[in-house]
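Chemist: Structure provided below as structure tokens; questions to follow.
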Amino acid sequence: MTIEWNEKFSVSNTAIDAEHKSLFDALNSFYQGVQSGASNESLAALLTKLADYAATHFRSEEIFMKKIGFPELDRHKQEHQAFAEKIGGFLESYNSGKAPASFEVTHFIMDWIVNHIKREDMKYAKFSQGR
Ligand SMILES: [Fe+2]
Ligand SMILES: [Fe+2]
1 MTIEWNEKFS VSNTAIDAEH KSLFDALNSF YQGVQSGASN ESLAALLTKL ADYAATHFRS
61 EEIFMKKIGF PELDRHKQEH QAFAEKIGGF LESYNSGKAP ASFEVTHFIM DWIVNHIKRE
121 DMKYAKFSQG R
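Given below as structure tokens:
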């Protein structure tokens, strides 16, 4: 299983599309680790990369939404925050030796990213085009 970016994910912003592609890459790397039976330490490192990348992406998306005056910015920020907290929880588990089920972690992240882009990110994409 790998997640491939395609035009259906496009938010009509080249820079943000590129960030989403990198986020997909980070998830694919994590999943490769899961599949190859990497140690919890390695998985935690891969997940940390993903979390750091997501944080950077969320920040840049929030700056963009603010710039265009997107009315649902607060709600959208809360979704980003909830994701960050969930990943933080997974990381704590890996780091404390109570490793979570890594396939479930992968599925959670994949579902979240796909749904978030298609439902939430698309809203600011539409808004930015309709201005
Ligand atoms: Fe996004
Ligand atoms: Fe977002």
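With the numbering used here as the guide, the letters of the sequence shown map in order to residues 1 to 131.
Backbone N, C-alpha and C define an ideal beta-carbon position, used for all residues, glycine too.
State yes or no: is the C-beta of residue 17 nearer than 7 Å to some heavy atom of ligand 1?
Modeler: For ligand 1, not one heavy atom lies less than 7 Å from the Cβ of residue 17.
Chemist: Would you check if the distance between the CB atom of residue 112 and the CB atom of residue 70 is smaller than 8 Å?
Modeler: Cβ distance not < 8 Å, so residue 112 and residue 70 don't count as in contact.
Chemist: Please confirm whether any heavy atom of ligand 1 lies closer than 7 Å to the CB of residue 121.
Modeler: Yes, the beta carbon of residue 121 sits closer than 7 Å to at least one heavy atom of ligand 1.
Chemist: Which residue comes first and which comes last in the alpha helix (DSSP H) that contains residue 69?
Modeler: Taken as a continuous stretch (DSSP letters only), residue 69 belongs to no alpha helix (DSSP H), as it is neither H nor E.
Chemist: Looking at the unbroken alpha helix (DSSP H) that takes in residue 122, where does it start and where does it end?
Modeler: Start and end: 122 to 130.
Chemist: In whole angstroms, what is the alpha-carbon distance linking residue 103 and residue 32?
Modeler: Residue 103 and residue 32: Cα-Cα distance of roughly 11 Å.
Chemist: Looking at ligand 2, does it come within less than 7 Å of residue 80, judged from the CB to the closest heavy atom?
Modeler: Checking the Cβ of residue 80 against ligand 2 gives yes.
Chemist: When DSSP labels each residue in this structure, what does residue 56 get in the three-state scheme?
Modeler: In the structure shown, residue 56 sits in a helix (DSSP, three-state: H, G or I).
Chemist: When you compare each of 14, 2 and 38 to residue 125 by their alpha carbons, which one comes out closest?
Modeler: Looking at the Cα atoms, 14 is the closest of the given residues.
Chemist: Can you look up residue 96 in the DSSP assignment and give me helix, strand or coil?
Modeler: Residue 96: coil per DSSP, three-state reduction.
Chemist: Could you say which of 116, 91 and 107 lies nearest to residue 27 if we only look at CA atoms?
Modeler: Ranking 116, 91 and 107 by Cα distance to residue 27 puts 107 first.
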